[in-house]
Structure formats: C-alpha cells, structure tokens
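Colleague: Taking UniProt numbering, the leading residue of the sequence shown gets 1, the next gets one more, and so forth.
The beta-carbon is built from N, C-alpha and C at its ideal position, and this holds for glycine as well.
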Amino acid sequence: MMLLKINNLCKSFGGLSAVLNFNLEIRENELIGLIGPNGAGKTTVFNLITGVYKPDAGEIIFKGENIGGLPPYVICQKGIARTFQNIRLFNNLTVMENVKIALHKNVPYSLPAALFRLNSFYRGEKEIEEEAIRWLKLFNLDHRREEIASSLPYGEQRRLEIARALATHPTLLILDEPAAGMNPNETLELMELIRRLRDEFKLAILLIEHDMSLVMGVCERIYVLDYGQVIAEGKPEEIRNNKRVIEAYLGEEV
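1. Thinking just about the alpha-carbon of each residue, which of Met96, Ala179, Leu193, Pro108 is nearest to the one in Glu146?
2. Assuming Glu25 is part of the beta strand (DSSP E), what are its boundary residues?
3. Please confirm if the region 119-126 is in contact with the region 77-89, defined as three or more CB-CB distances below 8 Å between the two stretches.
4. Tell me whether the beta-carbon of Ile208 lies closer than 8 Å to the beta-carbon of Leu34.
5. Report the CB separation of Glu2 from Glu25 in whole angstroms; it is logged as a contact under 8 Å.
6. Counting only runs that start and end within the region 132-212, where is the alpha helix (DSSP H) found for 4 or more residues in a row?
7. Could you tell me the distance, in whole angstroms, from the CA atom of Ala163 to the CA atom of Asn38?
8. Would the beta-carbon of Met191 fall within 8 Å of that of Gly228?
9. Quick one: what does DSSP say Thr50 is sitting in, helix, strand or coil?
10. Within the same chain, show all residues whose beta-carbon is closer than 7 Å to that of Leu103, passing over the 5 residues directly before and after it, in chain order.
11. Give me the Cα-Cα distance between Val176 and Glu156, rounded to the nearest whole angstrom.
12. I'd like to confirm the pairing. Which residues does DSSP put opposite Ala57 in its beta bridges?
13. Below 8 Å on the Cβ atoms is my contact criterion, and I expect Tyr223 with Ile61 to pass it. Report the Cβ-Cβ distance as a whole number of Å.
14. Rounded to whole angstroms, what is the Cα-Cα separation between Ala179 and Leu111?
15. Judging by CA-CA distance, which residue of Asp56, Leu89, His210 is the nearest neighbour of Leu16?
16. Return yes when the Cβ of Pro72 is within less than 8 Å of the Cβ of Gly58, no when it is not.
17. Evaluate Phe121 with the Cβ neighbour count: other Cβ atoms within 10 Å of its Cβ, from every protein chain shown; 16 or more gives buried, anything less gives exposed.
18. With DSSP run on the structure shown, which of helix, strand or coil describes Val245?
19. Mapping the DSSP letters down to three states, classify Glu220 as helix, strand or coil.
20. Can you give me the C-alpha to C-alpha distance between Pro236 and Ser213, rounded to a whole angstrom?
21. Which of the three DSSP states, helix, strand or coil, is assigned to Gln77?
22. Please classify Asn47: is it buried, with 16 or more other beta-carbons within 10 angstroms of its beta-carbon, or exposed?
23. Taking the continuous beta strand (DSSP E) assigned at Ile35, which residues delimit it?
24. Could you tell me which residues DSSP puts in a beta bridge with Gly234?
25. In angstroms, rounded to a whole number, what distance separates the CA positions of Lys5 and Asn23?
26. Rounded to the nearest angstrom, what separates Pro184 and Ala114 at their Cα positions?
27. Do you know whose CA, among Leu138, Thr187, Glu200, lies nearest Asp211's CA?
Take a look at the structure:
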C-alpha cells in the first residue's frame, strides 16, 4: 500500500531552485535511501516533507492526504517523525526527559486532569514513564536515563534522537545522515538497528546518508538527487552501476 507519494515538488530560494519537479514513492514497510552530492537538495526535501518549508509547487500525499505546507507539529501527529543532520536534543534535559517529551504528543489524560492533578494525570504520567523506559531499553540507553543528554557520547546521542522520534509512534521515520560522525563499528550497529526497527515496528524508513556501505546495505530502493532533480532511481545494484550517478558524485565510489 502506498504510504507517501510526492508529485512534482518544487522549492526555490532567492530565485535558485533547490528542488525541481521531485517525485518519490514509498510504500508501507519500505526502506528507501535518498543520496546525492552535498548541496543536491536532500535535506530540503526532508524539510518540505516535515513542514519546515512550504513547497512552491507540487504535492506531498501521505496516507491519501496532501500534507504540503502543514506545520511540523500537525505532520508529526499524522505519523511522520524525523531526526536531523546535526543532532537536536534537549541538551539540558535528562535522557529520560527527552523521550518523555515525545510521548506527551498524545497524553493519556485531559487538560483539567493535569491542571488539578487528578488521579488520571498521575496514572497517565506513570504510563508515559514506563513506555519511555521501554524505548530506552530498546536502544541500550536505560542505564543512562538520569544523565544529561549533552553528556552522552556522540553515538549514544544519535540513538537517543532516534528513540525520541520513534516514541511519537510514526508510520514513516525520516533519518537525516544517521551515521554521521560514527565509527565503522557504530555504523554496523546502526545498520542492524535500522533493519530491526523496520521489521519490529512495521515502519517505512526514508534516509539520507553519505556512507554508501550503509545505504547499499539496508535500502531496498534508492533515489539519487543532483541539483534538486532525481537523476536515478532503482535497487542498490542498479544505482551502483549507473553512469549518471557516478558522474554526479564526481567519481566517488557508490
């Protein structure tokens, strides 16, 4: 079943086209890669999908609804979560608090219950804390729960950001360079984690990544973007041997 369908998406800044007639399709439970040189427009595409930018033209159809131009919090409520190229945690909050914030997207109590501290508020907060612990255990961060987020090693901060995104219960998870700054062992662990998340939670995942071993190792299909336009789409082996892709990467190994 089609989950996300993007038709002729366009976005310009100061008269320069960052994304031009971009098309993409993601089905339920698919793992899709979006690659291309620096400045190709990849993060702009993510920002358009998640409501950071409004498209100049085109459609972003998610679960049959055009979500283009909706604010980020509405898009999150509809089932799209993301991580960022540069980690964006609440650095002065604890690891536990970072995940609990995401879980408050759908609190199990009413506003009056929170204002007047009714029993339903305390029950709801207990449920949220228990679920936060489950997410932290899944990402091997439970032992860090009371530590300040900014004190974590880089790889664990990455895992925490993904855990926080998943705590919103998305059907589409968008990862922007999740392996950036990771060593080879951490990247291998990330590959296994991405596969496990997709399989266990029946997620569709769209990722931007410059680490070609990661992209080729986990993605079922790959889109290649250059100067804001898709120049190739296909299975990893097809992309690896595509001359236009090799040229766009200026001879880089793909």
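Modeller: Put simply:
1. Met96
2. 16-27
3. no
4. yes
5. Note that residue 2 corresponds to Met in the displayed sequence, not to Glu. So it is a contact: roughly 6 Å between Cβ atoms.
6. 154-166, 184-201
7. 27 Å
8. no
9. coil
10. Ile128, Glu131, Ala132, Ala167
11. Before going further, note that residue 176 is Asp rather than Val in the sequence given. Straight-line Cα distance between these residues: approximately 16 Å.
12. Cys10
13. So it is not a contact: roughly 16 Å between Cβ atoms.
14. 39 Å
15. Asp56
16. no
17. buried
18. helix
19. coil
20. 10 Å
21. helix
22. buried
23. 31-35
24. Ile222
25. 8 Å
26. 46 Å
27. Thr187
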